[in-house]
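First up is the structure itself, then whatever we jot down about it.
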Amino acid sequence: MVIKPKIFSINKKLICAVSTRAGGVSPEPFGMNLSYQVGDRDENVTKNRELFFNRLGIPLSSVAIPGQIHSDHIQYISEAGEYPDCDAVVTNKNNLFLIVTVADCIPIFLYDSKTQAYAAIHAGWRGTEKRILKKGIEMMRSTFSTEINDLFAYLGPSARKCCYQVGEEVADKFNKKYLIHSEGMNPKLDLITMNYDMLIDSGIDKNKIEISEQCTICNPSLFHSYRRDKDLSGRMMAVIGIRS
Ligand SMILES: [Zn+2]
């Protein structure tokens with residue numbers, strides 16, 4: 289089972305999808321796990337990746353995977369492979385499929401309908417605090433001369449304000465308007481609204497933004513959640529690319 293945003297449907301050749309926990313060959317607790325780094329068996333992960341990418345018609349040899357180090361590093365890329373030192377990749381090459389690996393962090397995709405450039409961004413609390421989304425938009429503007437009116441954005445399933453409690457030391461780094469306080473509990477952090485505000489502040493039309501309604505933490509049948517399952521959590525992958 290995969291989730292497909294609707295916002296990019298203006299381009300029939302654009303493929304964008306997010307995997308779920310459902311449909312994989314790994315035994316519980318991993319299910320449809322797409323990461324080799326969580327204690328799942330390698331051969332099961334390989335099979336799961338084949339299932340996910342085959343379903344979308346994407347050759348495994350054409351995916352680009354950022355290493356995701358909770359930074360604000362964004363890299364322009366023109367070929368498939370692994371990019372260890374960044375949390376976002378941008379390209380304008382067809383048949384190159386950009387990946388974000390997640391289990392609570394937000395997978396964010398940008399698409400420029402005029403230049404056909406696109407970006408995949410990994411944003412947890414660190415990336416959001418460093419405003420990686422804003423920097424991704426700026427990089428598209430400087431690299432591809434992207435105009436804001438041509439940009440479409442998708443924010444995928446992630447840990448939401450219903451569940452995402454943080455310690456005071458993390459809460460202190462954020463504007464109070466993104467924190468929800470309740471008696472006797474750690475504050476909850478609303479990263480989606482903060483990233484949405486970055487899109488709006490950049491001038492993107494709100495009708496060109498799609499936000500998944502799904503919280504990874506309180507949907508255990510559908511999503512992996514590191515916050516919920518700790519070391520027994522698998523990872524989803526989210527992907528964007530344009531087939532020529
Ligand atoms: Zn929730």
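Per our numbering, residue 289 is the first one in the sequence shown, and the count goes up by one each step.
Every residue gets a Cβ at the ideal spot worked out from N, C-alpha and C, and that includes glycine.
| task | Kindly provide the chain-ordered list of residues whose Cβ lies closer than 6 Å to any non-hydrogen atom of ligand 1. | result | R448, C450, C451, C503, I505, C506
| request: Please report how far the alpha carbon of Q388 lies from the alpha carbon of P395, in whole angstroms. | output: Numbered from 1 along the sequence shown, position 100 holds the residue referred to as residue 388. Numbered from 1 along the sequence shown, position 107 holds the residue referred to as residue 395. The residue you asked about is not Gln; residue 388 is Val in the sequence shown. The straight-line gap from Cα to Cα measures roughly 6 Å.
| If you follow the beta strand (DSSP E) that S237 is part of, which residue opens it and which one closes it? | Not covered by the structure: residue 237. The range shown for the chain is 289 to 532.
| query | Between M524 and the rest of its own chain, which residues show a CB-CB distance below 7 Å, the 5 nearest in sequence each way excluded? | reply | The sequence position of residue 524 within the sequence shown is 236, counting from 1. The residues are V306, S307, T308, L322, V390, A391, F511, H512.
| said: Taking a contact to mean a Cβ-Cβ separation below 8 Å, would you say R448 touches C503 in this structure? | reply: By 1-based counting over the sequence shown, the position of residue 448 is 160. By 1-based counting over the sequence shown, the position of residue 503 is 215. Cβ distance < 8 Å, so R448 and C503 count as in contact.
| With 16 as the cutoff for other CB atoms within 10 Å, does M427 come out buried or exposed? | For the purposes of this step, residue 427 is identified with residue 139 of the sequence shown, where counting begins at 1. Per the 10 Å Cβ criterion, buried.
| query | Terminal residues of the continuous alpha helix (DSSP H) containing T416? | reply | Locating residue 416 in the sequence shown gives position 128, counting from the first residue. From DSSP, the alpha helix (DSSP H) with T416 extends over 413–417.
| task | Take the Cβ of K494 as the centre, count every other Cβ of all protein chains shown within 10 Å, and call the residue buried at 16 or more, exposed below. | result | Looking up residue 494 in the sequence shown gives position 206. Answer is exposed; the Cβ neighbour count stays below 16.
| query | Taking the C-alpha atoms as reference points, what is the distance between G327 and L520? | reply | To locate residue 327, count along the sequence shown from 1; it is residue 39. To locate residue 520, count along the sequence shown from 1; it is residue 232. Distance between the alpha carbons of G327 and L520 is about 8 Å.
| said: Which residue marks the beginning of the alpha helix (DSSP H) containing T481, and which one marks its end? | reply: Within the sequence shown, residue 481 is the residue found at index 193, counting from 1. Its alpha helix (DSSP H) spans residues 479–490.
| said: Check this for me: beta carbons of S490 and N383, under 8 Å apart or not? | reply: The residue labelled residue 490 in the question sits at position 202 within the sequence shown. The residue labelled residue 383 in the question sits at position 95 within the sequence shown. Contact flag unset, no.
| message | I need the boundaries of the beta strand (DSSP E) containing F385, first residue and last residue. | response | On the sequence shown, position 97 is the one that residue 385 refers to. Looking at the DSSP string, the run of the beta strand (DSSP E) that includes F385 is 385–390.
| task | Taking all protein chains shown into account, decide if M486 is buried (16 or more other Cβ within 10 angstroms of its Cβ) or exposed. | result | By 1-based counting over the sequence shown, the position of residue 486 is 198. Counting Cβ neighbours within 10 Å, M486 comes out buried, since at least 16 surround it.
| DSSP three-state call for A352: helix, strand or coil? | Here residue 352 corresponds to residue number 64 of the sequence shown, with the count starting at 1. Note: A352 maps to strand in three-state DSSP.
| said: I need the straight-line Cα distance from H469 to A368, nearest angstrom please. | reply: For the purposes of this step, residue 469 is taken as the residue at position 181 of the sequence shown. For the purposes of this step, residue 368 is taken as the residue at position 80 of the sequence shown. Near 43 Å, if we compare the C-alpha coordinates of A368 and H469.
| query | Does the pairing of the segment 310–321 with the segment 330–338 give three or more beta-carbon distances under 8 Å? | reply | yes
| field | Nearest-angstrom Cα separation, counted from S401 out to I530 | value | As a working note, residue 530 is residue 242 in the sequence shown. As a working note, residue 401 is residue 113 in the sequence shown. Their backbone Cα atoms lie some 11 Å apart in a straight line.
| query | Should D373 go down as buried or exposed, given a rule of 16 or more other Cβ atoms within 10 Å for buried? | reply | Locating residue 373 in the sequence shown gives position 85, where the first residue counts as 1. D373 is exposed by the Cβ-count criterion.
| request: Could you name the residues of the same chain whose beta carbon sits closer than 6 Å to that of E498, not counting the 5 residues immediately before and after it, in chain order? | output: One-based indexing of the sequence shown puts residue 498 at position 210. For E498, where only same-chain residues beyond five positions count, the Cβ hits under 6 Å are P293, I295, Y442.
| field | Of the residues G455, F462, T481, N463, the one placed nearest G472, counting alpha carbons only | value | Locating residue 472 in the sequence shown gives position 184, counting from the first residue. Out of G455, F462, T481, N463, G455 has the C-alpha closest to the C-alpha of G472.
| query | Cβ of F440 within 8 Å of Cβ of Y399? | reply | Translated into the one-based positions of the sequence shown, residue 440 becomes position 152. Translated into the one-based positions of the sequence shown, residue 399 becomes position 111. Their beta carbons are under 8 Å apart, which means F440 touches Y399 by this criterion.
| request: Assign K496 to one of two classes, buried (16 or more other C-beta atoms within 10 Å of its C-beta) or exposed (fewer than that). | output: Mapped onto the sequence shown, residue 496 falls at position 208. Classification for K496: buried.
| So is S433 buried or exposed if we call it buried at 16+ other beta carbons inside 10 Å? | Here residue 433 refers to the residue found at position 145 when the sequence shown is read from its first residue. Exposed: under 16 other Cβ atoms inside 10 Å.
| Three-way DSSP call (helix, strand, coil) for L398 in this model | Here residue 398 refers to the residue found at position 110 of the sequence shown. L398: strand per DSSP, three-state reduction.
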